[in-house]
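Peer 1: Quick one: the structure is below, and I'll ask about it shortly.
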Ligand SMILES: Cc1cc2nc3c(=O)[nH]c(=O)nc-3n(C[C@H](O)[C@H](O)[C@H](O)COP(=O)(O)OP(=O)(O)OC[C@H]3O[C@@H](n4cnc5c(N)ncnc54)[C@H](O)[C@@H]3O)c2cc1C
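Residue numbers (this note's numbering): 4 to 437.
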């Protein structure tokens, strides 16, 4: 089952703009063989696992990172690149953590965006980071909610950089008739996620972490000195951190794995539009996201393409193909792009929890996991790595802040059943379409 789904997930990334425009190392990291030892064994080489590796190396711990595929194979190499402060459902954090707790969590999320910017500078990662982020409302009934969110961020959550935009000001920033209001954040922004992820992997190797590719963790034998078993060997370590995200095949106990579900999200990239035309679509090339439940997120790439993402309907009998469905959504926002060619289309799984709050926890005092970033993983994964490393070093306060969040399981058995159907259909659509 896992191998089958992995093959389908591979196919979804095959037509990815990111894979086409990033340079992977000439050779993959080696496959792990025999018995290896390290202070920390990290499972998963996405943003989260690589952040754990960097933060542990900064504290002098030896690190092994295992990936069933290779760095950036998962959501970290496929996402919208939107690098933003806050959480998917801030009100959940406020309710569960209280006034002080939510403020502390927000401070960490702001630190998360700062950390992305810092790492780009420190490790010289060329990933097209562009500052500027717009949250927009498409429906009259969602305008008051957007305003209330901005006011709460300013007054209760300690973030005073946000600027309110009325309909006219929003249209000056996004060349679309669709939006009725917006909030502009000059600190959040967007980047090329695969270039960023490969840059983190490169930095982790340079800092002394040992990365292994095509090495699936098949079992974690818990204990004082846990063992992570792989098909051809094992890792003995003091700490294990699972950063496997939402694609099935992780090693976590079923009850923990069922706290997240993989929700498919898709992105298209148009042909290059030319600098002038691209600039005219979104002022200063900010990233944009609306505040609907099935939201659209989009941005202009460094090479002047429109990258437009969202949740195309991939269930039921709708015959339209992925790229066509996404193109329709894009034209709904920008009718002026009707004649534009779509050159890339790809998909991946957003790791969501039921309440959309992130899920960090410890299965044992030396076995951590981080998951459920719920569409805010680009920035929050960095912080996840930092707070896990702090906890290992005996400073658990920030980790514990997140770990106290309560989560429910998704109903209907293992989280992968529904997406198994969904990805199966999408797989055939992508193959038909491109
Ligand atoms: C289409 C899409 C758009 C998105 N847009 C945004 C956005 O604009 N902004 C934002 O903040 N977030 C966004 N997200 C979410 C964000 O990408 C994720 O939250 C984030 O990348 C999660 O990082 P991760 O390291 O936890 O997981 P991943 O990047 O998925 O990495 C997990 C890794 O674990 C490996 N693995 C799994 N099981 C095992 C095992 N048993 N043994 C060894 N390795 C294993 C996998 O091969 C994979 O490489 C988006 C996600 C998708 C799919």
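From the three backbone atoms N, C-alpha and C, an ideal C-beta is built for every residue, glycine too.
Between the stretch 235-243 and the stretch 24-43, do three or more beta carbon pairs fall short of 8 angstroms?
Peer 2: yes
Peer 1: Buried or exposed: which applies to residue 344, given that a residue is buried once 16 or more other Cβ atoms fall within 10 Å of its Cβ?
Peer 2: Numbered from 1 along the chain shown, position 341 holds the residue referred to as residue 344. Exposed, by the Cβ-count rule.
Peer 1: Determine the DSSP secondary structure at residue 321, reduced to helix, strand or coil.
Peer 2: For the purposes of this step, residue 321 is identified with residue 318 of the chain shown, where counting begins at 1. With a pLDDT of 34 at residue 321, under the threshold of 50, the modelled position of that residue is not reliable, and the figure given next carries that caveat. Note: residue 321 maps to coil in three-state DSSP.
Peer 1: Locate the alpha helix (DSSP H) running through residue 20, then write down its first and last residues.
Peer 2: As a working note, residue 20 is residue 17 in the chain shown. Residue 20 -> alpha helix (DSSP H) spans 20-24.
Peer 1: Between the alpha carbons of residue 17 and residue 314, how many angstroms are there, rounded?
Peer 2: Locating residue 17 in the chain shown gives position 14, counting from the first residue. Locating residue 314 in the chain shown gives position 311, counting from the first residue. Cα to Cα, the separation comes out at about 19 angstroms.
Peer 1: So for residue 265, helix, strand or coil by DSSP?
Peer 2: Here residue 265 refers to the residue found at position 262 when the chain shown is read from its first residue. Residue 265 carries a strand assignment under DSSP once its states are collapsed to helix, strand and coil.
Peer 1: Return yes when the Cβ of residue 107 is within less than 7 angstroms of the Cβ of residue 298, no when it is not.
Peer 2: Indexing the chain shown from 1 puts residue 298 at position 295. Indexing the chain shown from 1 puts residue 107 at position 104. At a Cβ-Cβ threshold of 7 angstroms, residue 298 and residue 107 do not count as neighbours.
Peer 1: Just list the residues that DSSP pairs residue 309 with in beta bridges.
Peer 2: Your numbering for residue 309 matches position 306 in the chain shown. Per DSSP, 303.
Peer 1: If we require 4 or more residues per run, which alpha helix (DSSP H) segments fall completely within the stretch 333-363?
Peer 2: none
Peer 1: What are the residues that DSSP puts in a beta bridge with residue 214?
Peer 2: Indexing the chain shown from 1 puts residue 214 at position 211. Bridge partners of residue 214: 68.
Peer 1: Is residue 167 helix, strand or coil when you go by DSSP?
Peer 2: On the chain shown, position 164 is the one that residue 167 refers to. Reduced to three states, the DSSP call for residue 167 is strand.
Peer 1: Return yes when the C-beta of residue 268 is under 6 angstroms from any heavy atom of ligand 1, and no when it is not.
Peer 2: Here residue 268 corresponds to residue number 265 of the chain shown, with the count starting at 1. Under cutoff, so the answer is yes.
Peer 1: Pull the bridge partners of residue 379 from the DSSP assignment, please.
Peer 2: Against the chain shown, residue 379 aligns to sequence position 376. Beta-bridge pairing links residue 379 to no other residue.
Peer 1: Look at residue 58 and residue 392 and say whether their C-beta atoms are less than 7 angstroms apart.
Peer 2: Sequence index remark: in the chain shown, residue 58 carries index 55 (1-based). Sequence index remark: in the chain shown, residue 392 carries index 389 (1-based). In this structure, the beta-carbon distance from residue 58 to residue 392 falls below 7 angstroms.
Peer 1: For residue 223, count neighbouring C-beta atoms within 10 Å of its own C-beta (all shown protein chains included) and say buried if the count is 16 or more, exposed if not.
Peer 2: For the purposes of this step, residue 223 is identified with residue 220 of the chain shown, where counting begins at 1. Looking at its Cβ environment, which holds 16 or more other Cβ atoms inside 10 Å, residue 223 is buried.
Peer 1: Measuring only the C-alpha atoms, how far is residue 318 from residue 325?
Peer 2: The residue you call residue 318 lines up with position 315 of the chain shown. The residue you call residue 325 lines up with position 322 of the chain shown. Note that residue 318 has pLDDT 41, beneath the 50 cutoff, so the model's placement of it is unreliable and the number below is only indicative. Computed Cα separation, rounded: 11 angstroms.
Peer 1: Are residue 64 and residue 42 close, meaning C-beta to C-beta below 7 angstroms?
Peer 2: By one-based count along the chain shown, residue 64 stands at place 61. By one-based count along the chain shown, residue 42 stands at place 39. Going by C-beta atoms, residue 64 is nearer than 7 angstroms to residue 42.
Peer 1: Quick check on DSSP: helix, strand or coil for residue 28?
Peer 2: Here residue 28 is taken as the residue at index 25 of the chain shown, counted from 1. Reduced to three states, the DSSP call for residue 28 is coil.
Peer 1: How about residue 486 and residue 203: do their beta carbons lie closer than 7 angstroms?
Peer 2: Residue 486 lies beyond the range of the chain shown here (4 to 437); nothing can be said about it.
Peer 1: When the Cα atoms are used, what is the spatial distance from residue 289 to residue 184?
Peer 2: What you label residue 289 is simply residue 286 of the chain shown in a count that begins at 1. What you label residue 184 is simply residue 181 of the chain shown in a count that begins at 1. Within the model, the alpha-carbon separation for residue 289 versus residue 184 is close to 15 angstroms.
Peer 1: Can you give me the C-alpha to C-alpha distance between residue 20 and residue 327, rounded to a whole angstrom?
Peer 2: On the chain shown, position 17 is the one that residue 20 refers to. On the chain shown, position 324 is the one that residue 327 refers to. C-alpha separation (whole angstroms): 16 angstroms.
Peer 1: List in chain order: all unbroken beta strand (DSSP E) runs of 3+ residues lying wholly within the stretch 145-196.
Peer 2: With a minimum length of 3 residues, the continuous beta strand (DSSP E) runs that stay inside the stretch 145-196 are 166-168 and 184-193.
Peer 1: From which residue to which residue does the beta strand (DSSP E) around residue 113 run?
Peer 2: The residue given as residue 113 occupies position 110 in the chain shown. Annotation for residue 113: no beta strand (DSSP E) segment contains it, though the alpha helix (DSSP H) segment containing it runs 93-125.
Peer 1: Alpha carbon to alpha carbon, what distance is there between residue 226 and residue 46?
Peer 2: Position 43 of the chain shown, counted from the first residue, corresponds to residue 46. Position 223 of the chain shown, counted from the first residue, corresponds to residue 226. Computed Cα separation, rounded: 17 angstroms.
Peer 1: Examine the Cβ distances between the stretch 162-172 and the stretch 97-105 and report whether three or more of them are shorter than 8 angstroms.
Peer 2: Because the criterion of three Cβ pairs below 8 angstroms is not met, the stretch 162-172 and the stretch 97-105 do not touch.
Peer 1: Count the other CB atoms, across all protein chains shown, that sit within 10 Å of the CB of residue 244; report buried if there are 16 or more and exposed otherwise.
Peer 2: Within the chain shown, residue 244 is the residue found at index 241, counting from 1. By the 10 Å Cβ count, residue 244 comes out buried.
Peer 1: Are the beta-carbon atoms belonging to residue 390 and residue 377 less than 7 angstroms from one another?
Peer 2: In the chain shown, the residue the question calls residue 390 occupies position 387. In the chain shown, the residue the question calls residue 377 occupies position 374. No. Outside cutoff.
Peer 1: Which residues mark the beginning and the end of the beta strand (DSSP E) in which residue 42 is found?
Peer 2: Your numbering for residue 42 matches position 39 in the chain shown. It spans 37-46 - the beta strand (DSSP E) in which residue 42 sits, taken as one unbroken run.
Peer 1: Mind checking which residues open and close the alpha helix (DSSP H) that includes residue 17?
Peer 2: Against the chain shown, residue 17 aligns to sequence position 14. Residue 17 -> no alpha helix (DSSP H), and no H or E assigned at all.
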